[in-house]
Amino acid sequence: MPEAPKSPFKPLDYNLAEKNKKVLQFIEDVTANADEVQKRVLAEILSRNASVEYLQKHGLNSHTDRETFKKIMPVITYEDIQPDINRIANGDTSPILCSNPISEFLTSSGTSGGERKLMPTIEEELKRRTLLYSLLMPVMSQSVPGLDKGKGMYFLFVKSEAKTPGGLLARPVLTSYYKSSHFKERPYDPYTNYTSPNQTILCPDSYQSMYSQLLCGLYQNKEVLRVGAVFASGFIRAIRFLEKHWTSLCNDIRNGTINPQITDPLVRDAVMKILKPDPKLADFIEVECSKDSWQGIITRLWPNTKYVDVIVTGTMSQYIPTLDRYSNGLPLVCTMYASSECYFGVNLNPLCKPSEVSYTLIPTMCYYEFLPVHRNNGVTNSPSVPISLSEKEQQELVDLVDVRLGQEYELVVTTYSGLYRYRVGDVLRVAGFKNKAPQFNFICRKNVVLSIDSDKTDEVELQNAVQNAVNHLIPFDATLAEYTSYADTSTIPGHYVLIWELSLKGSTPIPPSVFEDCCLTIEESLNSVYRQGRVSDKSIGPLEIKIVSPGTFDKLMDYAISLGASINQYKTPRCVKFAPIVELLNSRVVSTYFSPKCPKWVPGHTQWNNQD
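The sequence shown stops at residue 613 when you use this note's numbering, and every number in between is there.
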């Protein structure tokens, strides 16, 4: 996730090798002294916030040592602090969670009660994010030298923001970062030399932003040494956009113009400063894009590209085959691990295989604890993490340097901006160590069954949505016998697919429009992140219901048992990923239906929009 330069001019005393050396030494120092750094970070957070209401309420009494902190402070989830968050959102400026003023809320892609979670943040947190970003390229340059000699083509976007009733901004962490001076006014750095001008990134219209960023990237194609986006899904959407619009982009490059559909004056000015007529380049792009196969299109259009910088861990791994096809097998690089709550770590071996990516947690970012996770023995083999913890389980939490190799943990953090022993919801596995600091594989987001982009739908939410939809079947004396789901990423954008097996008692045939209503009802029942992906970001396609023939789910059970599942413990999985199971289900489909229109969505929380 890169940054933009403030000035194209190189200071006379600029020494890149020296700068890289300092960064790598910083990583050595903080990982070698991980426990001492963690002790200091916790003491700093607690002494700074000693007088805040939340710590006083629990009786911490200005203690800053680990032992007292762990004994007195509970391990919490978002719901535990939601009343405090709501007070801040509604305008209470007293020091409830943090002694520093809450500067804005970062809207998480995780949801609570169908709405995005609001993570409090403070102004100085931007410096910590900038610090983590500054570690990425010195690490990368050890594996891929010469990256300072060209440009990066990154597709970066801002998303919509809202204001809380108390007047604080609520927006995603990357939107906050891109709009900050840390991004917009960054001093010279050869690693932050990008094909996209800031104005194209900051354009709120996603079509104009994508078009102008692609235009600039194509025009500077020979200078591009690396390409990327935040998530794999976003990068694939950019390639798909190119498939649809290359004729118009070629026309602009040929004539040195910009399509009249791009109306944002700041975007037009920024692009026209770069663009000059180049008929030869336009012909070259036209020839490549006209070919039947788009295999290797990245290396064909941007021939000097050394790697693709996108997140392909967790649910994003479903996009690896598509990326491999478009990039001709270029390395897929995951550089960092971060969330709305806090930025955490970096990948010190960036050219490893996607399945082997591990992140070294940087001990200065926050105070880390780890809750051991145990696997269920059921057919889904999903991590089992209790919703609320007993006193014994609270005592099981271990510190950063005490985790065990191969063990899985849920991440728990205490941050500078007002979260104390907060369960992030990510399940991590210890893969190794850098000095004293552990390196973790990201395993999954707790309880998530479906995800296409930044959306996360859990089993309970899916069950409730399906429950709402099946009411449409009651007049036809039909019920839902069984169902499962999967994320279909063969379409761009990807979309949710629900597999339904019906029990039909009535004789009246069910018209297609009823199943379409079922699709829409499910979408209307899903959380605001999903609905924003459908309506505003266009990152998720219409939901699909596939009706399968009677007996399909018996066949699914037979198959699972043939693979070793216990007949006594077998439960129908509410989400399937294993390709042979998806094929089995699809081979028995008798009809398919899609959502006929987008669900309702507006920025901000519903209750804010309902106020006068």
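All C-beta atoms in this analysis are idealised placements derived from N, C-alpha and C, irrespective of residue type, glycine included.
Everything numeric in this text was worked out from a predicted model, so none of it was measured.
Which residues does DSSP list as the beta-bridge partners of residue i?
i, result
"residue 77", "423"
"residue 228", "154 and 309"
"residue 400", "370"
"residue 105", "122"
"residue 415", "368"
"residue 442", "430"
"residue 546", "499 and 594"
"residue 458", "451"
"residue 435", "438"
"residue 486", "499"
"residue 347", "337 and 361"
"residue 480", "504"
"residue 410", "373 and 429"
"residue 195", "153"
"residue 521", "DSSP, once it has assigned bridges, lists no residue as partnering residue 521."
Does DSSP put residue i in a helix, in a strand, or in coil?
i, result
"residue 258", "coil"
"residue 559", "helix"
"residue 380", "Note that residue 380 scores a pLDDT of 35, beneath 50, so its modelled location is shaky and nothing firm can be said."
"residue 91", "coil"
"residue 165", "coil"
"residue 405", "coil"
"residue 40", "helix"
"residue 603", "coil"
"residue 64", "coil"
"residue 553", "helix"
"residue 589", "coil"
"residue 334", "strand"
"residue 463", "helix"
"residue 51", "coil"
"residue 170", "strand"
"residue 290", "helix"
"residue 222", "helix"
"residue 245", "helix"
"residue 15", "coil"
So which of the options has the shortest CA-CA distance to residue i?
i, options, result
"residue 542", "505, 492 and 548", "492"
"residue 516", "508, 540, 556 and 471", "471"
"residue 499", "479, 529, 74 and 468", "468"
"residue 533", "224, 30 and 161", "161"
"residue 140", "581, 336, 435 and 526", "336"
"residue 281", "261, 271, 255 and 275", "255"
"residue 326", "275, 284 and 236", "236"
"residue 558", "586, 538 and 540", "586"
"residue 364", "539, 27 and 19", "27"
"residue 241", "589, 539 and 578", "539"
"residue 1", "120, 53 and 146", "The chain is shown from 2 up to 613; residue 1 falls before or after that span and cannot be answered."
"residue 215", "188, 231 and 243", "243"
Work out the CA separation of residue j and residue i for me, nearest whole Å.
i, j, result
"residue 437", "residue 36", "8 angstroms"
"residue 149", "residue 442", "29 angstroms"
"residue 561", "residue 318", "23 angstroms"
"residue 75", "residue 422", "7 angstroms"
"residue 185", "residue 347", "23 angstroms"
"residue 410", "residue 426", "10 angstroms"
"residue 519", "residue 460", "18 angstroms"
"residue 583", "residue 530", "26 angstroms"
"residue 71", "residue 79", "19 angstroms"
"residue 193", "residue 60", "46 angstroms"
"residue 544", "residue 581", "22 angstroms"
"residue 224", "residue 197", "12 angstroms"
"residue 513", "residue 166", "43 angstroms"
"residue 605", "residue 20", "41 angstroms"
"residue 323", "residue 122", "36 angstroms"
"residue 5", "residue 484", "Any reading at residue 5 must be qualified, since the residue scores a pLDDT of 36, below 50, and its modelled position is unreliable; no value is offered."
"residue 598", "residue 546", "14 angstroms"
"residue 136", "residue 62", "37 angstroms"
"residue 33", "residue 302", "43 angstroms"
"residue 600", "residue 497", "14 angstroms"
"residue 616", "residue 556", "As shown, the chain starts at 2 and ends at 613. That puts residue 616 outside it, with no answer to give."
"residue 291", "residue 285", "10 angstroms"
At the 8 angstroms Cβ level, is residue i part of the contact set with chain B, yes or no?
i, result
"residue 205", "Looking at the structure shown, chain B is missing, and only one protein chain is on hand."
- Query: Between the segment 97-111 and the segment 400-411, are three or more C-beta pairs nearer than 8 angstroms?
  - Reply: no
- Message: For the segment 503-520 against the segment 480-495, do three or more pairs of beta-carbon atoms, one drawn from each stretch, fall closer than 8 angstroms, so that the two count as touching?
- Response: Yes: at least three Cβ pairs fall under 8 angstroms.
- Query: Just checking, does the segment 353-371 make contact with the segment 404-419 on the three C-beta pairs under 8 angstroms criterion?
  - Reply: The segment 353-371 and the segment 404-419 touch, with no fewer than 3 CB-CB distances between them shorter than 8 angstroms.
- Just checking, does the segment 38-47 make contact with the segment 56-74 on the three C-beta pairs under 8 angstroms criterion? yes
- Message: Between the segment 167-182 and the segment 240-248, can you find at least three pairs of beta-carbon atoms closer than 8 angstroms?
- Response: no
- Message: Using a Cβ distance threshold of 8 angstroms, determine whether the segment 225-236 contacts the segment 304-316, with at least three qualifying pairs required.
- Response: yes
- Task: Evaluate the contact criterion for the segment 195-209 versus the segment 264-278: three or more CB pairs, one atom per stretch, below 8 angstroms.
- Result: yes
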